[in-house]
Structures are given as C-alpha cells and as structure tokens.
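Colleague: Residue numbering for the sequence shown follows UniProt numbering, starting at 1 and increasing by one per position.
Where is the CB? At the ideal position from N, CA and C, for every residue including glycine.
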Amino acid sequence: MNTRSTTRHPPAVPPEEVSTSAITKGDTVHPRKRPRDVKEEARLPAAKKGKGKAPAESQETTFDFGNRDMTVGVWKLIHNGNGLRIEDAMFLWLHKNCLPPALLTQTRGKLMIRDEYRECYKLLETNPNHGAVVSGQPGIGKSLFLYYCLARRLSQRQPTVFHKGGPGPPHFFSERGLYRCIDMGAWVPGVPQGTWALLDSTDTAESPPWFFFNQASPFYIVHAAFPDNRRYRSWRNQKGGGIFYMSPWSWPELWACNELQVFPSSPPTAQILYDIFIKYGPSPRLVYDLAAAPTNAENYAHELQVAVKKLALANVQQLMRTDGSDIVDSSIANLSHALFIVRPRDRETRHLYARDVPTAYLMELILQRIHITLSDAAEQLYHIFRDVSETSAAAGMLFQHSCVRILARIDYDGAKEFEIKRMVGSNPSSSRWGLRSRFDTDESPQAISEKFLGSPRILHEYLDHELGSLVLTDDRIYVPLASNSPTFDFFLVDHGVLYAFQATTANAHGTREAGLLKLQNTATSNQITGRWKWIFVIPPGNVVSCHLPENWKHRLDLYTLHLDV
Numbered sequence: 001m002n003t004r005s006t007t008r009h010p011p012a013v014p015p016e017e018v019s020t021s022a023i024t025k026g027d028t029v030h031p032r033k034r035p036r037d038v039k040e041e042a043r044l045p046a047a048k049k050g051k052g053k054a055p056a057e058s059q060e061t062t063f064d065f066g067n068r069d070m071t072v073g074v075w076k077l078i079h080n081g082n083g084l085r086i087e088d089a090m091f092l093w094l095h096k097n098c099l100p101p102a103l104l105t106q107t108r109g110k111l112m113i114r115d116e117y118r119e120c121y122k123l124l125e126t127n128p129n130h131g132a133v134v135s136g137q138p139g140i141g142k143s144l145f146l147y148y149c150l151a152r153r154l155s156q157r158q159p160t161v162f163h164k165g166g167p168g169p170p171h172f173f174s175e176r177g178l179y180r181c182i183d184m185g186a187w188v189p190g191v192p193q194g195t196w197a198l199l200d201s202t203d204t205a206e207s208p209p210w211f212f213f214n215q216a217s218p219f220y221i222v223h224a225a226f227p228d229n230r231r232y233r234s235w236r237n238q239k240g241g242g243i244f245y246m247s248p249w250s251w252p253e254l255w256a257c258n259e260l261q262v263f264p265s266s267p268p269t270a271q272i273l274y275d276i277f278i279k280y281g282p283s284p285r286l287v288y289d290l291a292a293a294p295t296n297a298e299n300y301a302h303e304l305q306v307a308v309k310k311l312a313l314a315n316v317q318q319l320m321r322t323d324g325s326d327i328v329d330s331s332i333a334n335l336s337h338a339l340f341i342v343r344p345r346d347r348e349t350r351h352l353y354a355r356d357v358p359t360a361y362l363m364e365l366i367l368q369r370i371h372i373t374l375s376d377a378a379e380q381l382y383h384i385f386r387d388v389s390e391t392s393a394a395a396g397m398l399f400q401h402s403c404v405r406i407l408a409r410i411d412y413d414g415a416k417e418f419e420i421k422r423m424v425g426s427n428p429s430s431s432r433w434g435l436r437s438r439f440d441t442d443e444s445p446q447a448i449s450e451k452f453l454g455s456p457r458i459l460h461e462y463l464d465h466e467l468g469s470l471v472l473t474d475d476r477i478y479v480p481l482a483s484n485s486p487t488f489d490f491f492l493v494d495h496g497v498l499y500a501f502q503a504t505t506a507n508a509h510g511t512r513e514a515g516l517l518k519l520q521n522t523a524t525s526n527q528i529t530g531r532w533k534w535i536f537v538i539p540p541g542n543v544v545s546c547h548l549p550e551n552w553k554h555r556l557d558l559y560t561l562h563l564d565v
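#1: Tell me the residue span of the alpha helix (DSSP H) that contains Ala-291.
#2: For Met-397, does the three-state DSSP call read helix, strand or coil?
#3: Work out the CA separation of Ala-197 and Ala-47 for me, nearest whole Å.
#4: Only counting the same chain, and skipping five residues up and downstream in sequence, which positions put a Cβ closer than 7 Å to that of Gln-59?
#5: Can you list the beta strand (DSSP E) stretches of 3 or more residues lying completely in the segment 452-539, in chain order?
#6: For the beta strand (DSSP E) that contains residue 566, what are its first and last residues?
#7: Among His-351, Asp-346, Arg-347, Arg-355, which one has its Cα closest to the Cα of Ala-338?
#8: Just confirm the distance between the C-beta atoms of Val-222 and Gly-131, as a whole number of angstroms; I'd bet it's less than 8 Å.
#9: Under a three-way DSSP split, which group does Arg-436 fall into?
#10: Which of helix, strand or coil does DSSP assign to Phe-277?
#11: Give me the residue from Asp-474, Glu-253, Tyr-274, Leu-290 with the minimum Cα distance to Pro-264.
#12: Would you mind reading off the limits of the alpha helix (DSSP H) that contains Trp-255?
#13: Answer with buried or exposed for His-554, where buried requires no fewer than 16 other C-beta atoms within 10 angstroms of its C-beta.
#14: Comparing C-alpha positions only, which one of Asp-411, Arg-350, Asp-489, Pro-358 sits nearest to Pro-282?
#15: According to DSSP, simplified to helix, strand and coil, what is His-543?
#16: Between Asp-228 and Leu-463, is the Cβ-Cβ spacing less than 9 Å?
#17: Whose CA, out of Ile-113, Ile-420, Phe-162, lies closest to the CA of Gly-141?
#18: Give the secondary structure of Asp-557 by DSSP, where H, G and I count as helix, E and B as strand, and everything else as coil.
#19: Quick one: what's got a C-beta closer than 8 Å to residue 566's C-beta in the same chain, skipping five residues either side?
#20: Can you tell me where the beta strand (DSSP E) with Glu-550 in it begins and where it stops?
#21: Per DSSP, what kind of secondary structure is Ser-174 in: helix, strand or coil?
#22: Hey, Asp-115 and Lys-164 are a contact pair by Cβ (cut 8 Å); roughly how many whole angstroms apart?
#23: Rounded C-beta distance between Glu-419 and Ser-449? I'm assuming under 8 Å.
#24: State the Cα-Cα distance for the pair Leu-548 and Phe-219, rounded to the nearest angstrom.
#25: Can you check DSSP and say which residues form a bridge with Asp-356?
#26: Could you name the residues of the same chain whose beta carbon sits closer than 6 Å to that of Leu-362, not counting the 5 residues immediately before and after it, in chain order?
#27: For Asn-521, which residues in the same chain have their Cβ closer than 7 Å to its Cβ, ignoring the five residues on either side in sequence?
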C-alpha cells in the first residue's frame, strides 16, 4: 500500500539482511576511569591547549560522566588540538548511573549515536528562536539525545546547563568547573548569554523551573518532552521557542542497538525482534522490553486489548486531531502512543508532526473495535483519516483494509462481480533500479475491461518469512502483516490464476523486484505457472501510474479497479 504521506512503516525485509554497517561509521568514545563524586562546586580541570591539530584516528579520548546519586555527574575532558569529533562517533560511553536504563545497558553504559541526533543538533545550532522543544514518540530516546548534546557542547568547551527534571537542582558546566546550582536568583545573572540549557521533562505534565523561561534569562532552551502542549506551551509562548520532531527508529537501527542491551536470559534473535517490530511499531523501548521475556509480550497484548475496548469513533477523531493536550480521559491519552506513532511531517524543518497507525496489526485492532464493515462507522473513520493531511497514510491503510474485506466478501453472504481495466504501457526507460516500463490508468473509451468475481474467502494473515511455505487454496485471501509493502498488499488464487492487489490512494506507485521474486517462489512451489493479474485498487476518480521492472512486463497483466469503500 502506498500513500501520499511519507510514513515510516516497518520495512518488509528479512532481519538477516540488515547489518550494523547500515547505520553509520566513526570512532568510539569510552571511559578510562570513574570520575569523582559531584560536590556543591566541583572543579573541572581545564582542557589542555594544543596547536590546533586534529587528533590522530587512533588517539583515545576520555569522555565519561555519572555518579552514584544519579545526578548528571562530572565530565572529564582531556584532548589535544581540536578534540575528539563526537559528531563522527558511533557510540558514546556513559556511566551506568547517569540515568535509569532506557536503551542504555546497566553494565556497559554504551549509547548508540543515531544519525537522527546529528541532524537534530544541526537544526538546534541554526534555529533562530530562543530555544526549541525536541519531541517525538515515547521511548524514542529524547532524554538520551540531551546527553549527546551535552557531550557535543563540552567537546567544544561551551558553557552548558543540564537539568534532568524533577525536584533536583540543575548543573552548570564551564571551563572553571561543575556547579550544582542551589540559589537560582544569585546564579542566573552570571551565566553567559546564549548558554544552552538542556532540560528533560518528567513523567508529569509539569514544565521545567520557571527561571529558565524568563524573557530576560540568558538561556537557549533545549527541552526534551513528550508531544503534549501542556509541557511546553507556556514557555514557548513567553520566550518564543521552536519545536522539532524526531524520526522513529528504523529496523537497522533497532537491530544494531540490540547488542548493547542486557537481557535476563539469552539475547533475542533477529526474527523475534523483527516480528515484534512489525506488529507493535518502531518504539525501541517497547520492542526490547517485549523481547526480554515471553510473558512481557503476553501481558502487553492483553493490556492493549483491554485498553482498545475503551476506544470509540469519537476517541479516534479526538486523537487524530489533537496533540494530546486536549484529551481529558487519561486512559485514552495513554492509548494514543500505543496505537499511533508521531513523526516529523517534513524532514527538512521538522517543525510539523504527523500521526499514523504504524502497523497493520494495530489498525486491525482499531477496526475490530468499532466493527468495520460497510457501515457508516467505516466511512466516518476513513474520512477522519483522509481529511487530516498528516494522517493520509492511516487513511490509505484503512482503504487497504476495506478493499480486502470487500473483494474477499468478508462479512458478505454472496459473490459479486467487479470490473477491472487493463493499464496502458509505455516504452522502457533507465533508472537506478535498471530498465523499467511505465503503466498508466487507461481512461479512454477503448479501454479493455474484464470481470473479477469476488467470492467469500477466509482471511489468512502471515509474517514475511512465512510467505515461501504457504500452501495456497482458492478459499483464502492472503495478507502480509508487514504493512506498507512496496510490492503488493494482498493476493489470492482463483482457478490456478494468481491475483495480486495493491491498494493505494496515491497517484504513483513503485513495484520492487525483490517482492515479485518472493511471490514467484511461492507461486512456483504451488504449481502456478501462468501469467499473473496485477491489480491496482484505487478510489473512484483516481488514476495511478506504476513502474515495473522490464523483465517482468511479459509475466504480468496490469489492471486498475475503482472501488468505493
């Protein structure tokens, strides 16, 4: 299924095809020894001055902070010349007591530096406002991003304030030393103008201390917060801050970070992690927790089912049209991050967010709850998603779901004929994927049309790695659980002919050879050797074009089917 939205759904790739080299390259920052405990005014030794030369690649640089009372702790920075380029590092070592474990192992204290951190840091450096909120999906690593910012700032010998949230005092880092700041009234006037204040939100909706946000304060605010206006609306209005949304984790990132986790027993396999990833979405905190023990996954599935029972059509509309600040029912507000994912709508500016349903499984939970058939509720829900621009991907997923139920006559008593029209092909052209042919909707009166008989079938959902072992029968419709497949959304067999369907609300769609080859292996093992019928299902009035690998155009007959859901 393809949509107009650039949603980040889980990729339909086998876990074994992904390696850590897909993330980034660089040095590792690591500690040599534990720092001393923080005093009320703990001195930080000044960095040694060099002659302006960058360190050799093999040079080790000490970068460590933390102490036993779980405050931010002492940073020690010893470097020559320009110091270590943290922006090029892949990992950062943190003391294990810097913060409660969250994507951070209890024993190794090794933090993976996402490319996302580098991109957001660049935006903060060029942001014209007096600060910015860094927001995104719960469990994405917003708090850990602040530690990355602190490392970058200290490597550049820039004064920085760090506040972990809660009742504890902030800490001020400078070349003179590290200060735990108790008397804020006496302390703030002595801070240099433009000093970065790295502020983390607690689990409550309270904002950080007021003195950071006074219009006369010298701080450039970097506030990590859940996407809830109540946490930052006041200071943004008063001080004029921007907002940046972080992108969710990709599968390669999640798999690369797996080696840093500490599990109670043997580490989970790539397949276990991937199955959780495509079922519940790209929250690393959730994926690692569910993979730690089978009972965790069972309990979460039960909790999700119980929570979804509270969901009504009005709740869905409220969740899709608000950022959480106007949701009074706390049970529904907590449900929002379990069913929906928050991502930046625009990767260049990142100041606008989009909310999508990240997986086909979660969409199915929503649809089952409000009893989707051809009822008014189905139409209302589709329009809710379609009419909100940032949720057009969710509308596309709902369109796909409805297409499956209509064409397979699920919830219907009898069969129904549907008209499909042949698409028009053009001469092949070169692309980075090789020679490809373009096919377009034929809107001419001479368009060749055929009939497709939709008859009652059993819904058969499968995981990607199960495709090759499927035994195909005419009484089933096969739907992959890995949502947003770039090749097909569902398929069926009718009297020895394979029908593959791609439901889309977009005007253009790609067809990848990798997906075609997987489906070919399944067809071959089931003795299906004839030409396939490849059908693009689109809303009434829409047109679609697709690019097909040139060596496949003689194996497929391409059609469009207009379907009103």
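Modeller: Taking the coordinates as given:
#1: For Ala-291, the uninterrupted alpha helix (DSSP H) segment begins and ends at 284-292.
#2: Reduced to three states, the DSSP call for Met-397 is helix.
#3: Because Ala-47 sits at a pLDDT of 31, beneath the cut-off of 50, its placement in the model cannot be relied upon, and the following sentence gives the value as read from the coordinates. Distance between the alpha carbons of Ala-47 and Ala-197 is about 22 Å.
#4: Residue placement at Gln-59 is flagged as unreliable, the pLDDT there being 26, under the threshold of 50; the coordinate-derived value follows with that caveat. Once the five neighbours on either side are set aside, Gln-59 has no close Cβ partner at all.
#5: DSSP runs (the beta strand (DSSP E)) wholly in the segment 452-539: 458-462, 476-480, 490-494, 497-503, 508-510, 532-538.
#6: Within the shown structure, residues of the chain are numbered from 1 to 565, placing residue 566 beyond reach of any answer.
#7: Among His-351, Asp-346, Arg-347, Arg-355, the Cα nearest to that of Ala-338 belongs to Arg-355.
#8: Approximately 6 Å separates the beta-carbon atoms of Val-222 and Gly-131; this is inside 8 Å, confirming the contact.
#9: Correct three-state label for Arg-436: strand.
#10: For Phe-277, the secondary structure class from DSSP, reduced to helix, strand or coil, is helix.
#11: Cα-wise, what sits closest to Pro-264 is Leu-290.
#12: Counting along the chain, the alpha helix (DSSP H) containing Trp-255 begins and ends at 251-257.
#13: His-554 should be labelled exposed.
#14: Among Asp-411, Arg-350, Asp-489, Pro-358, the Cα nearest to that of Pro-282 belongs to Pro-358.
#15: According to the sequence provided, residue 543 is Val. The question's His does not apply to it. In the three-state scheme derived from DSSP, where H, G and I count as helix and E and B as strand, Val-543 is classed as coil.
#16: The Cβ-Cβ distance between Asp-228 and Leu-463 does not fall below 9 Å.
#17: Here the closest residue by C-alpha is Ile-113.
#18: Here Asp-557 sits in strand by DSSP.
#19: Residue 566 is absent from the structure shown; the chain starts at 1 and stops at 565.
#20: Per DSSP, Glu-550 belongs to no beta strand (DSSP E) and is neither H nor E.
#21: DSSP places Ser-174 in the strand class (E or B) of the three-state scheme.
#22: Between the beta-carbon of Asp-115 and that of Lys-164 there is about 25 Å, and that puts the pair past the 8 Å contact cut.
#23: The Cβ separation is near 5 Å, so the contact holds.
#24: Cα to Cα, Leu-548 sits roughly 54 Å from Phe-219.
#25: Residue pairing of Asp-356 in beta bridges, as defined by DSSP: Ile-341.
#26: Same-chain partners within the cutoff: Leu-339.
#27: Within its own chain, the residues whose Cβ lies closer than 7 Å to the Cβ of Asn-521, once the five positions on either side in sequence are excluded, are Gly-468, listed in chain order.
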